[in-house]
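Contents: one structure, followed by commentary.
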Amino acid sequence: MYGWAGKILRVDLSNGSITTEETKKYLDYTGGLGFGYKIIFDEAPKAGPFDPENRLVFAVGPLTGTLAPSTSRPEVISISPHSFATQSKHSLASRSNFGGYWGAELKFAGYDAIIVQGKSPKPVYININNDKVSIEDASGVWGLDGIAAQEAIKEKHKDNDIQIAAIGPAGERMVRIAPIIHRLGNVARQGGFGAVMGSKNLKAIAVRGTKGVDVADKKGLIEYVQSVREFQPAPLGATPLSNGPLSWTGKHLDPKDINHQAQRFDQTESNAPWLKKYHLKNQSCYSCPQGCYTYMKVPKMGTGAVSCTQWFYAWMGNKDEGTFQASQLVNKLGLDSFEMFPMIQFIWHLQDEKVDGKSVLRHMYDQKLVSKKNLEALEAAHYPREGGNLGSAGLEGMLSLMAYREDFLGDALGEGFRRAMDIISDEFEKRKMPEVAKAVMKFIKMEGIMGGVVGGNGGWGMSAHYDPRTFGYYWAVNFAMENCDPMRHSMTNLIEWTGLSFKQAMPVAVKHWGKDVAENGLNDIHRSRDTPLTWNGEKSAKANAYLSQFIHYRGCIKDSMTGCDWVYPVMVSGREDRGYAGDTSVEYKLLGYVTGENMTQEKLNEQAARTWTLHRLLTVLEWNDGKPVNMREEHDQIPDHFFAPVDTRLLPSFPPSDPPHPPLVREHFEATKTEYYKLMGWDVKTGLPTRSLLKKLRMDDVLASFEAQAFQLPS
Ligand code: SF4
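If you're matching positions, the sequence shown starts at 6 in the working numbering and goes up one per residue.
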């Protein structure tokens, strides 16, 4: 089987059994994400996130470990402790992934996936060295931060080339926003899968492999990859025209010069120019020419890698070394840097909201819900409302409070910002302080930084990762159908990051989706934020639904072949002679060269439809315990505040001049949903996949299994 190691490793931490099984049985689901959903669906769809029977799946795809660019991001799939859906009877399955070298190393060790189940009676780590797999005592590394733990394991095995995925103190304490960290800054972030590892007493998974990956057409792959590198855009989907607050440097380098592509990007300059003097070099994940990680060495703080939202403290207003310190602290403590946006703003909200002339935080102190030491740290870490910069005072105390679940407040924050709001508000209700309880809950509607694009309540208990009010109804439906932050950078590459003008971007959109979809779905690219979204009736509903389906299918393909979200599908190019158009056929062509199969986009779309439908059925099982449910009405929703005018903006927004977004119109959202269900082959009234769809997708086994444990699907 070209492209595959052929084996899946299963480790049961309850009884110490280590077995392997064949990859073959999952191949209808492409790899990575598809494998993970199938395993959860087959084995433990209704487990609680911290139940020993919950499966934690790490899976790669057929391209991982080959030359195919940017395809070594292993997918992590499990029942998520982070996803928040109070109407659901069970916790929901969700996903994340991480870059670096771990995924390729897993393939080199001879495995396409690892299924971890059970719970160890004491802290352990899994050590994989080709065919030798063992469960090792982790008493010497339990308690260490996520980076120190990796160093200690390498030291113990006297092998610096071991690739390790580990958790920090937050994961050990089952903090629901605890990610899994690999190397210095490659992190499987949202979903709380670090907490799932903690619940299993699993500190790390160490991998060392020395085998290769067989490729069907090596020469063809090399030539094709070279041709892709000639039009692949700069990191994060940017073209040489990029500008604005996150502009990219080195943009005048010849995009055809593949030897310099890794040097084309400098996030320090874009996000925190005051740290530029500490920049060491850029760093890539395995097989990626983009190099979007920045390695830095800061005096008295050491070295670390920073990328994307790990710059969060700069985005929130810091302009000193605190930016680097914040990034390193979250990585070491094992906290999700993206969730720091709403979390820190929530902590500021507790200080800004006053009842009887006293802040909510001070009320918490009076009620002994937070200690003096932590009160002082939080107050020191407050954003100066009246000008000035956000310094680093109190930063360590604030982050440690949640990672170690210190005091009542830290314990609540360790549940994620959305659960924390309920917990703190309920506590004040219990103490007969309803006004304070109400003040806490005001945060629910808050718009985050960057004009609401980042950091508010996006739904599913997670930080908003781009606001549907900015992009349109396809993005709103994208939010509604997922169980987590639905970010797909492939879309934002075209719309947000490229620097293309409307006149330049529209022909690219027309090339990818045709005139009707481009003009009725993306007619709002670059509108000013205070302009309502355009709505052309049925045409808009159809175009937005089409884009939502594109996002979901291409997301399933990308996460199953385990490609990077910043790269696939390749929507844009830096090449003016191509009209800045990328090429959305790269995925299936790469898969063809590697696996030797006669791959087409239609075939891949069918696999994506299978994976997405499986995810849907899994969610249906979880949502109502296998009983009939109207998913359209219950699950496929976004928070009410997206349909109401903005009334709470905590931070001076970034950039400060951004006006608030006008609200979405509910009828337009519902009309887009209707068209989306039709396109997907799901029942329009209930949002349930139909029996005929499952048969068409050759998912008879899934249909039989679903109906045996749940109810009959609509015909
Ligand atoms: S673009 Fe960045 S995150 Fe993605 S694979 Fe390349 S180096 Fe890793």
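The beta carbon of each residue, even a glycine, is placed where N, CA and C say it ideally should be.
Limits of the unbroken beta strand (DSSP E) element including residue i
| i | result |
| --- | --- |
| Ile-210 | 207-213 |
| Ser-96 | Looking at the DSSP string, Ser-96 is not in any beta strand (DSSP E), and its letter there is neither H nor E. |
| Val-575 | 575-577 |
| Gly-3 | No information on residue 3 is available, as it lies outside the stretch 6 to 720 that the chain covers here. |
| Val-146 | Neither: Val-146 is in no beta strand (DSSP E) and is coded neither H nor E. |
| His-470 | 467-470 |
| Phe-63 | 61-64 |
| Glu-80 | 80-84 |
| Val-180 | Careful: Val-180 lies outside any beta strand (DSSP E) and carries neither H nor E. |
Per DSSP, the bridge partner or partners of residue i
| i | result |
| --- | --- |
| Lys-302 | Thr-308 |
| Leu-14 | Thr-25, Ile-119 |
| Trp-4 | The chain is shown from 6 up to 720; residue 4 falls before or after that span and cannot be answered. |
| Val-707 | For Val-707, which the question treats as bridged, DSSP gives no partner whatsoever. |
| Lys-359 | Ser-364 |
| Ser-139 | Asn-132 |
| Trp-279 | DSSP lists no partner for Trp-279. |
| Leu-395 | Asn-323 |
| His-284 | Met-301 |
| His-646 | For His-646, which the question treats as bridged, DSSP gives no partner whatsoever. |
| Val-192 | Ile-186 |
| Gln-168 | Val-212 |
| Trp-353 | Looking at the DSSP assignment, Trp-353 forms no beta bridge with any residue, so it has no partner. |
Nearest neighbour of residue i, chosen from the options [CA to CA]
| i | options | result |
| --- | --- | --- |
| Val-625 | Glu-344, Ser-590, Phe-716 | Phe-716 |
| Lys-594 | Asp-117, Asp-33, Tyr-42, Ala-221 | Ala-221 |
| Val-138 | Thr-567, Gln-231, Leu-18 | Leu-18 |
| Thr-25 | Tyr-34, Asp-33, Arg-15 | Arg-15 |
| Thr-677 | Tyr-558, Ala-550, Pro-644 | Ala-550 |
| Arg-703 | Ala-469, Val-651, Leu-619 | Leu-619 |
| Lys-437 | Gly-399, Asn-132, Lys-51, Gln-372 | Gln-372 |
| Tyr-229 | Tyr-598, Asn-132, Gln-356 | Tyr-598 |
| Asn-629 | Glu-48, Leu-97, Tyr-7 | Leu-97 |
| His-646 | Gly-151, Ala-481, Gly-415 | Ala-481 |
| Ile-210 | Ile-133, Ser-289, Ala-73, Asp-521 | Ile-133 |
| Pro-473 | Ser-495, Asp-427, Leu-538, Gly-421 | Leu-538 |
| Gly-70 | Ile-82, Pro-126, Gly-53, Gly-108 | Gly-108 |
| Lys-216 | Ile-152, Pro-347, Ser-75, Gly-11 | Gly-11 |
| Asp-564 | His-87, Gln-122, Glu-58, Gly-104 | Gly-104 |
| Ile-120 | Gly-41, Ile-185, Pro-54 | Gly-41 |
| Met-467 | Leu-505, Ala-385, Ser-342, Pro-389 | Ser-342 |
| Lys-302 | Lys-378, Met-566, Gln-330 | Gln-330 |
| Ala-614 | Tyr-34, Ser-720, Ile-13 | Tyr-34 |
| Glu-2 | Gly-692, Trp-502, Leu-38, Lys-544 | Given a span of 6 to 720 for the chain in the structure shown, any question on residue 2 remains unanswerable. |
| Arg-637 | Glu-675, Asp-416, Phe-648 | Glu-675 |
| Leu-698 | Glu-611, Ala-385, Leu-669, Pro-650 | Glu-611 |
| Cys-561 | Gln-92, Val-65, Glu-48 | Val-65 |
Start-to-end residues for the alpha helix (DSSP H) that takes in residue i
| i | result |
| --- | --- |
| Asn-276 | 272-276 |
| Asn-336 | 327-338 |
| Ile-152 | 151-162 |
| Leu-68 | Unbroken run through Leu-68: none, as it is neither H nor E. |
| Gln-231 | 223-234 |
| Met-6 | Premise fails: Met-6 is in no alpha helix (DSSP H) and is neither H nor E. |
| Phe-674 | 671-685 |
| Ser-697 | 696-701 |
| Trp-107 | 107-114 |
| Val-201 | 198-204 |
| Ala-385 | 377-385 |
Problem set entry | Complete alpha helix (DSSP H) runs within the stretch 618-643 (minimum length 4 residues, chain order) | 636-639
For this session: Just jot down, in chain order, the residues whose CB lies closer than 5 angstroms to any heavy atom of the ligand SF4.
Result: Ser-75, Gly-104, Ser-289, Cys-290, Cys-293, Gln-295, Cys-297, Cys-569, Trp-571
Problem set entry | 4-residue-minimum alpha helix (DSSP H) runs that sit fully inside the stretch 401-453, ordered along the chain | As far as the stretch 401-453 is concerned, its whole alpha helix (DSSP H) runs of at least 4 residues are 412-418, 422-435, 439-446.
Exercise. Which runs of the alpha helix (DSSP H) spanning at least 4 residues fall entirely within the stretch 29-56, listed in chain order?
Worked result: 37-48
Exercise. Going along the chain, which unbroken runs of the beta strand (DSSP E) with 3 or more residues stay wholly within the stretch 563-609?
Worked result: 575-577, 586-588
Problem set entry | Complete runs of the beta strand (DSSP E) confined to the stretch 467-544 [at least 3 residues] | 467-470
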